[in-house]
Each structure stands twice: as C-alpha cells, then as structure tokens.
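S.K.: Numbering follows my numbering, with no gaps: position 185 of the sequence shown is 185.
Here a beta-carbon is modelled for each residue, glycine too, at the ideal position from N, C-alpha and C.
Note that the coordinates shown come from a computational prediction; the quantities given were computed from them, not determined experimentally.
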Amino acid sequence: MAALDEKLQDIYTEVLQRNPGESEFHQAVREVLDSLGPVVAKHPQYVDAAVIRRLCEPERQIIFRVPWVDDSGTVQINRGFRVEFNSALGPYKGGLRFHPSVYLGIVKFLGFEQIFKNSLTGMPIGGGKGGSDFDPKGRSDAEVMRFCQSFMTELYRHIGEYTDVPAGDIGVGGREIGYLFGQYKRITNRYESGVLTGKGLSWGGSQVRPEATGYGTVFFTEQILDRRGDSFEGKRVVISGSGNVAIYAVEKVHQLGGTVVACSDSSGYIVDDKGIDLELLKEIKHDRRGRIHEYPDIARGSAYFVDSGSIWAVPCDIALPCATQNELNGSDARLLIENGCAIVAEGANMPCTPEAFRLLIDAGVTFAPGKAANAGGVATSALEMQQNASRDSWTFEHTEQRLETIMRGIHDRCLETAEEYGTPGDYVAGANIAGFTQVADAMLALGIV
Ligand code: NDP
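In structure tokens:
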C-alpha cells in the first residue's frame with residue numbers, strides 16, 4: 001500500500017484512534033483516502049473545512065437491545081444497530097444486515113461505503129446502514145417475525161421517508177422487509193410506503209428491485225466488455241454466493257449469453273461446467289432456504305460440490321464476488337490471474353481485500369469496485385421511493401431500462417473522473433473521487449453541520 005499524503009495520513013490516524021478494533025471500517029476509510037491525494041491537491045478546501053474528517057464521523061449511531069421470545073419460550077437478546085452516516089445528499093439510505101458477524105465496525109464500513117455509492121447513482125440519497133447480530137438461519141418464520149417486530153419497535157422512532165429509509169442486505173429479504181413494514185405501519189398508524197424499500201409488489205414494492213443488484217453488476221461488467229468491443233457471449237463466469245445478489249447476477253449473465261460455471265454458499269461451492277441450473281439454484285437456496293451441496297444430488301450430469309478450498313480456483317474469464325466482505329484475498333487473486341481471468345466486478349460490498357485488488361490491477365485485470373458495480377440495488381430502491389412518492393408503479397421493462405441507463409451513467413462517470421484526475425482506466429479512483437466530490441461539495445454548501 002502506498003503512503004498517504006501527510007494531511008490524509010493525519011485523518012486516517014485519527015480514524016484509527018477514534019474507532020478502535022473496527023478493522024472493516026478502517027479498511028473502507030483507507031481505501032477511499034488512498035484515492036483522494038490528487039483531489040486535496042487540487043481542492044485544499046476539502047481539508048481546510050474538515051469535510052473529510054466530518055465524513056469519517058457518522059452523524060448518528062444508534063445501538064439498541066432487541067429482546068424476543070423463541071419457539072421454545074426462551075427469551076433471546078440480540079443487538080440492533082443503525083448508523084446514520086451522512087445526509088448531505090438526501091435521507092439516509094442503506095440496507096439492514098442480519099448475520100451473527102454484525103457488530104458496529106461492520107455497520108460503519110457498510111454505511112461509509114454507502115455514502116459514496118449513493119452519491120455515484122446521482123440520486124438524492126444519503127448514506128446509512130444497520131442490522132443485527134441475529135442469525136435467521138434455522139429460525140422458524142414465526143421466530144423471524146417476532147424478531148423483526150421487536151427490532152422495528154425500537155427502530156421506528158429513528159426512520160421515516162424524509163429521514164432514513166432502510167432496505168435489505170445479507171439475511172434480510174422480502175420476508176423480513178414485510179414483517180418490518182407491518183410493524184412500522186402498526187406502531188405509527190401510517191401507510192408510509194417510502195419508509196422502507198425492497199417491499200413486495202402488492203404493497204408498494206418496485207419491479208426489478210429483487211433483481212437490481214445482480215442485474216446492475218452484470219450491466220456494469222457489460223459496459224467494461226463493450227468498451228473493448230466484446231460481450232458476455234461465450235464467456236465463463238464464476239459468481240460467489242447464492243443469495244439475492246448472486247442469483248440475479250447468474251440470471252442476467254445467462255440472458256446475455258455467458259455461462260456461470262460455479263457459485264457458492266458459506267459451506268462450499270459447486271461447479272457445473274454446462275452452466276448453473278438457475279431454477280434449481282433458486283429452488284434450493286431461495287424457496288427452501290437449503291444448502292448448496294444439495295445441488296449436485298439433484299442436478300443431472302457432472303456437477304460437483306467442494307467443501308474446502310477456493311471458488312476462485314475455478315478457471316473463468318470473469319469473476320463476480322457476490323457473497324460477503326473480504327471473501328477474495330491475495331492468494332485467490334493470484335489464482336484468478338494464473339487462470340487468465342480478465343475482469344473482476346464486485347457484486348458484494350468490499351469482497352476483495354486491498355492486497356487482492358492491487359494484485360489484480362497490477363496484473364492488468366480490470367477491477368470494478370462494489371461502490372460502483374453494485375450500486376444498482378440502491379439506485380432501484382430510489383426508483384421505488386419515486387414510485388411511492390407519486391403513488392405510481394412502473395412496468396418491469398421500464399424499470400429495467402432505467403436501471404441499465406443508471407449503471408451506464410455510473411460506469412462512464414467513473415472513467416471520466418479517473419481520466420480527469422490522471423489515473424485513466426482506474427475504476428477504483430474514479431468511483432471514490434466521483435462519489436466523494438459530489439458529497440463534499442454538498443457538505444461545503446451546507447456549512448459546518
Ligand atoms: P443474501 O443473504 O441473500 O446472500 C448472501 C450469500 O452469500 C449467501 O449465499 C451466503 O451463504 C453467502 N455467503 C455469506 N458468507 C459467505 C462466505 N464467507 N463464503 C461464501 N459464501 C458466503 O445477501 P445478499 O445477496 O443480499 O448480499 C450479498 C452481498 O451483496 C453483501 O456483501 C451485501 O452487502 C451486498 N449487497 C447487497 C445488496 C442487495 O440489494 N441485497 C445491495 C448491494 C450490495 P449462506 O446461505 O451459507 O449464508
């Protein structure tokens with residue numbers, strides 16, 4: 001990692017001191033600061049008015065107890081979080097994650113990333129994130145409902161369509177958003193559709209929202225291919241994860257003529273050289289909430305399951321990490337390079353370690369960071385908010401067209417900004433700088449708040 005310019009190093013040192021033990025948050029901040037050298041050289045006001053220091057400190061951090069009763073009658077206690085990071089561009093916007101690994105550092109890293117991602121979409125949304133260390137795996141529907149109701153019984157007082165608009169993330173899909181929205185409606189006696197996104201179609205949701213993050217990542221990758229006169233046609237693609245983002249990334253790659261040959265869950269990965277059977281994958285992982293190792297038992301042919309090792313050892317032209325943070329490390333990056341992978345685009349948030357993405361870039365692999373490549377999810381959430389505000393609902397085709405246009409816009413903005421700041425073709429610098437400057441200018445205009 002190259003040394004930071006002196007003023008940025010001071011800011012980073014302060015972040016380390018003020019947020020001890022929050023390694024994912026440190027990593028996310030460092031990755032943005034690494035891109036800002038040329039920006040502060042050109043615009044010293046961002047440092048003078050403490051814009052960057054203020055950006056690194058959340059506007060509000062809420063931590064609360066979530067008590068609930070499991071099916072055996074035992075009282076369970078979880079911890080809930082909502083970090084309202086930055087509202088310079090609009091109401092805080094970002095998902096909720098339910099996973100046992102959730103602690104303040106994870107929520108802060110995700111909320112910090114969200115500020116720049118939301119800015120890149122060009123839509124009027126600020127950055128926030130939340131969640132709980134609750135593990136939905138193995139819990140009954142009734143337990144998940146009671147947990148969600150208890151979670152919302154505290155969260156409701158902090159959110160609202162003009163204040164903070166949560167959505168889903170790992171462990172939070174349509175089922176959880178339904179229980180959360182139901183409780184919000186009951187407590188407030190308001191049918192305030194714009195308070196949550198990712199809702200079901202019959203109660204205020206948007207077409208394409210479930211598909212949006214996966215589709216958007218593939219649209220972004222298509223733009224990279226298009227620039228070199230290429231397409232997904234005939235490409236071998238590896239996609240990690242098998243949740244919301246991964247499933248719809250598989251769907252769009254197949255629609256565009258590529259073949260997804262491997263995907264995973266936290267217990268291992270499957271390889272199916274003739275192409276992942278998407279309906280079977282959805283049936284196992286989405287409909288039944290099962291495990292991916294069931295796939296080869298049902299799929300006919302040569303599909304197999306691997307319970308150790310790395311999915312990134314499977315040779316591919318394009319890799320789309322769509323599972324979780326830091327899932328692709330330096331040795332995984334070396335495997336991808338050795339096997340001739342040409343593009344890595346992040347569907348998940350921060351799935352590549354800094355060592356991994358530096359190795360990839362140095363080896364000439366095109367690397368698209370999550371805050372640009374996976375912004376389609378939140379962009380479509382903003383489209384859901386628009387439809388809610390105007391009491392309208394758009395067709396699938398119209399919404400997908402909007403998503404595709406937004407992803408093309410983000411792609412082009414990254415490249416134009418990278419060029420402007422002397423790092424042509426660098427999507428990491430382009431995304432960080434373009435995302436940053438828009439928020440920073442808004443913060444300057446709003447004064448010291
Ligand atoms: P889901 O909960 O739907 O799916 C997560 C998937 O990742 C599951 O298949 C899970 O497996 C797998 N997984 C988790 N940890 C690991 C691991 N260590 N190794 C391999 N697989 C793992 O979440 P989403 O698909 O919604 O989110 C995935 C990523 O995308 C996250 O980083 C999220 O922040 C990001 N993202 C999501 C957006 C959205 O709209 N949902 C928007 C933008 C980014 P298992 O079933 O075993 O738990």
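Specify whether the stretch 234–250 and the stretch 306–316 touch according to this definition: at least 3 beta carbon pairs, one from each stretch, less than 8 Å apart.
M.R.: By the criterion of at least three beta-carbon pairs nearer than 8 Å, the stretch 234–250 is in contact with the stretch 306–316.
S.K.: If you measure between the beta carbons of Asp164 and Arg79, is that distance less than 8 Å?
M.R.: no
S.K.: Which partner residues of Arg97 appear in the DSSP bridge assignment?
M.R.: The partner list for Arg97 (beta bridge, DSSP) reads Gly131.
S.K.: Is the stretch 109–128 close to the stretch 178–195, with three or more CB pairs under 8 Å?
M.R.: no
S.K.: If you reduce the DSSP assignment to three classes, tell me which class Ile284 lands in.
M.R.: helix
S.K.: Give, in chain order, every unbroken run of the beta strand (DSSP E) that is at least 3 residues long and sits entirely within the stretch 243–307.
M.R.: 259–265, 268–271 and 304–306
S.K.: What is the C-beta distance between Ala363 and Gly330, in whole angstroms, given that I count them as a contact (C-beta under 8 Å)?
M.R.: Their Cβ separation, rounded to whole angstroms, is 12 Å, which puts Ala363 and Gly330 out of contact at 8 Å.
S.K.: Which value, in whole angstroms, describes the spacing of the CA atoms of Val261 and Ala372?
M.R.: 24 Å
S.K.: Which of the three DSSP states is assigned to Ile11 in this structure?
M.R.: helix
S.K.: Kindly provide the ranges of any beta strand (DSSP E) runs that are 3 or more residues long and lie completely inside the stretch 327–406, ordered along the chain.
M.R.: 343–345 and 366–368
S.K.: Sort Pro20, Asn19, Asp48 and Glu22 by Cα distance to Leu8 and report the nearest one.
M.R.: Asp48
S.K.: From Arg186 to Thr153, what does the alpha carbon distance come to, in whole angstroms?
M.R.: 10 Å
S.K.: With distances taken between CB atoms, is the gap from Ile170 to Lys199 smaller than 8 Å?
M.R.: no
S.K.: Is the stretch 140–153 touching the stretch 372–384, taking contact as three or more C-beta pairs under 8 Å?
M.R.: no
S.K.: Could you check whether the stretch 330–342 touches the stretch 282–302, counting it as contact only if at least three pairs of C-beta atoms, one from each stretch, sit closer than 8 Å?
M.R.: no
S.K.: Give the straight-line distance between the Cα atoms of Thr197 and Glu283, rounded to the nearest whole angstrom.
M.R.: Each residue's Cα considered, the two are about 24 Å apart.
S.K.: In its own chain, which residues sit with a C-beta less than 8 Å from the C-beta of Thr188, not counting the 5 before and 5 after it?
M.R.: Tyr156
S.K.: Going by C-alpha distance, which of Val365, Trp203, Pro354 and Glu327 is nearest Ala348?
M.R.: Glu327
S.K.: On the three-pair Cβ rule with 8 Å, is the stretch 217–229 touching the stretch 249–264?
M.R.: Verdict: yes, contact present.
S.K.: In chain order, which continuous runs of the alpha helix (DSSP H) of length 4 or greater are located wholly inside the stretch 14–72?
M.R.: 23–33, 37–42, 45–48 and 51–55
S.K.: Out of Cys263, Asp34, Ser266 and Gln45, which has the shortest C-alpha to C-alpha gap to Leu444?
M.R.: Gln45
S.K.: Name the two residues that bound the continuous beta strand (DSSP E) containing Leu320.
M.R.: Ile318 to Pro321
S.K.: DSSP three-state label for Gly234, please.
M.R.: coil
S.K.: Please report the straight-line C-alpha distance between Glu59 and Val83, rounded to a whole angstrom.
M.R.: 8 Å
S.K.: Buried or exposed for Leu446, please, with buried defined as at least 16 other CB atoms from any protein chain shown within 10 angstroms of its CB.
M.R.: exposed
S.K.: Contact between the stretch 396–408 and the stretch 208–215 is defined here as three or more beta-carbon pairs at a separation below 8 Å; is this criterion met?
M.R.: yes
S.K.: Shorter than 7 Å, the distance from the beta carbon of Asn244 to the closest heavy atom of ligand 1, or not?
M.R.: yes
S.K.: So, with DSSP's three-state summary, where would you put Ile159?
M.R.: coil
S.K.: Return the bridge partner residues of Ile77 from the DSSP annotation.
M.R.: Its beta-bridge partners are Pro67.
S.K.: How many whole angstroms separate the CB atoms of Ile11 and Ile52, which I take to be in contact at a CB cut-off of 8 Å?
M.R.: 5 Å
S.K.: Within a Cβ cutoff of 7 Å, which residues of the same chain sit near Cys56, ignoring the five residues on either side of it in sequence?
M.R.: Setting aside the 5 residues that flank it on each side, Cys56 is surrounded in the same chain by Ile11, Val15 and Val29, each with a C-beta closer than 7 Å to its C-beta; the list follows chain order.
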